[in-house]
Amino acid sequence: EASAAADEAFYQICGVVEPGMREQDVALEIDCLLRKKCGATAFDTIAASGPNSALPHAKPGGRRLQAGDALVLDFGAACGGYCSDFTRTIFIGAIDKALRSVYNVVRNAQEAALSGIRAGMACRDADALARNVVIEAGYGGCFGHGLGHGVGLDVHEAPRVSPAADGVLEEGMVITVEPGVYIEGTGGVRIEDLCVVREDRLEILTRATRDIIIID
133 EASAAADEAF YQICGVVEPG MREQDVALEI DCLLRKKCGA TAFDTIAASG PNSALPHAKP
193 GGRRLQAGDA LVLDFGAACG GYCSDFTRTI FIGAIDKALR SVYNVVRNAQ EAALSGIRAG
253 MACRDADALA RNVVIEAGYG GCFGHGLGHG VGLDVHEAPR VSPAADGVLE EGMVITVEPG
313 VYIEGTGGVR IEDLCVVRED RLEILTRATR DIIIID
């Protein structure tokens with residue numbers, strides 16, 4: 133339910149966002165959508181545009197959306213005591229060649245992880261599935277956080293899925309898969325899905341498209 137609420141809010145906010153809006157207004161709109169659906173947000177919503185999108189934990193501010201911006205939207209709902217965590221990166225007006233390339237790298241990295249992770253895998257090996265794609269594309273130094281984390285009653289729980297993690301993924305764990313590439317002064321891309329670890333696969337709870345969305 134919490135994951136479905138985030139999907140729905142994403143499609144709704146894509147119909148509201150337009151050039152000239154402030155980041156903080158985008159975040160407020162998302163919060164209102166989530167609260168109408170579930171009553172609460174899971175954490176402080178991130179709406180980071182342009183160069184701010186290169187900051188993984190940026191706080192929404194007064195910057196206004198401009199043509200050519202990447203806009204990272206990271207948010208979650210809290211429904212029935214359980215949390216969701218969701219990120220998509222959309223583009224305002226146009227997407228330049230460099231950011232399109234970055235987007236494709238991040239999407240390919242996420243797909244490698246989504247298709248390869250299963251129960252019994254070491255958390256660091258799960259991280260490596262995506263990280264190796266980013267490294268091979270030449271952006272290894274621009275992926276400055278782990279691939280994911282557990283989600284449940286809190287939005288950040290064990291296990292950590294990162295290069296330094298010691299844990300093993302177990303059947304039934306709910307985790308995020310969220311690779312990102314961040315280029316200082318230019319922008320960043322992150323794509324995040326919420327998933328359940330199964331014996332032979334990941335069950336992907338997030339339904340929103342991973343295709344590039346450009347807001348005119």
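With the numbering used here as the guide, the letters of the sequence shown map in order to residues 133 to 348. Positions of the beta carbon are idealized from the N, C-alpha and C atoms, including for glycine.
What would DSSP say about residue i, mapped onto helix, strand or coil?
{"i": "A136", "result": "helix"}
{"i": "F142", "result": "helix"}
{"i": "R250", "result": "coil"}
{"i": "I162", "result": "helix"}
{"i": "S294", "result": "coil"}
{"i": "A241", "result": "helix"}
{"i": "A202", "result": "strand"}
{"i": "I345", "result": "coil"}
{"i": "E268", "result": "helix"}
{"i": "G182", "result": "helix"}
{"i": "L279", "result": "coil"}
{"i": "A226", "result": "coil"}
{"i": "V234", "result": "helix"}
{"i": "L301", "result": "coil"}
Taking the alpha carbon of residue i as the point to measure from, which residue in the options has its own alpha carbon closest?
{"i": "D286", "options": "Y271, L301 and V306", "result": "V306"}
{"i": "A210", "options": "V283, R195 and E302", "result": "V283"}
{"i": "C164", "options": "F142, P151, R339 and I336", "result": "F142"}
{"i": "G182", "options": "A226, R263 and C170", "result": "A226"}
{"i": "L187", "options": "C274, A290 and L326", "result": "C274"}
{"i": "V238", "options": "G320, L166 and N184", "result": "G320"}
{"i": "R195", "options": "A159, D217 and E268", "result": "A159"}
{"i": "T109", "options": "D343, R263, Y214 and Q198", "result": "The structure shown does not extend to residue 109, since the chain is modelled only from 133 through 348, so no value can be given for it."}
{"i": "D81", "options": "Y214, G212, G213 and L166", "result": "This structure cannot speak to residue 81, because the chain is shown only from 133 to 348."}
{"i": "D298", "options": "A258, N184 and I267", "result": "A258"}
{"i": "A180", "options": "G171, K169, C170 and Q156", "result": "Q156"}
Return yes when the Cβ of residue j is within less than 9 Å of the Cβ of residue i, no when it is not.
{"i": "V300", "j": "G252", "result": "yes"}
{"i": "G312", "j": "H277", "result": "yes"}
{"i": "T338", "j": "S135", "result": "yes"}
{"i": "D201", "j": "F175", "result": "no"}
{"i": "A241", "j": "V265", "result": "yes"}
{"i": "D325", "j": "I315", "result": "no"}
{"i": "A296", "j": "R256", "result": "yes"}
{"i": "E140", "j": "V148", "result": "no"}
{"i": "E133", "j": "G212", "result": "yes"}
Tell me which residues share the same chain as residue i and place their Cβ nearer than 6 Å to its Cβ, disregarding the 5 neighbours each side in the sequence.
{"i": "G280", "result": "V293, I307, T308, V309 and E310"}
{"i": "T173", "result": "D163 and L166"}
CB-CB under 8 Å to residue i, same chain, minus the five flanking residues each way: which ones, in chain order?
{"i": "R250", "result": "L301, V329, R330, E331, D332, R333 and L334"}
{"i": "I345", "result": "C146, R220, I222 and F223"}
Counting only beta-carbon atoms, is residue i nearer than 9 Å to chain C?
{"i": "G194", "result": "Included in the structure is just one protein chain, with no chain C present."}
Leaving out five residues before and five after residue i in sequence, what residues of the same chain have Cβ atoms less than 7 Å from its Cβ?
{"i": "A244", "result": "L261, A262 and V265"}
If contact is defined by three or more beta carbon pairs under 8 Å, each pair taking one atom from either stretch, is the stretch 233–242 in contact with the stretch 184–197? Under the 8 Å Cβ criterion, the stretch 184–197 does not count as touching the stretch 233–242, having fewer than three qualifying pairs.
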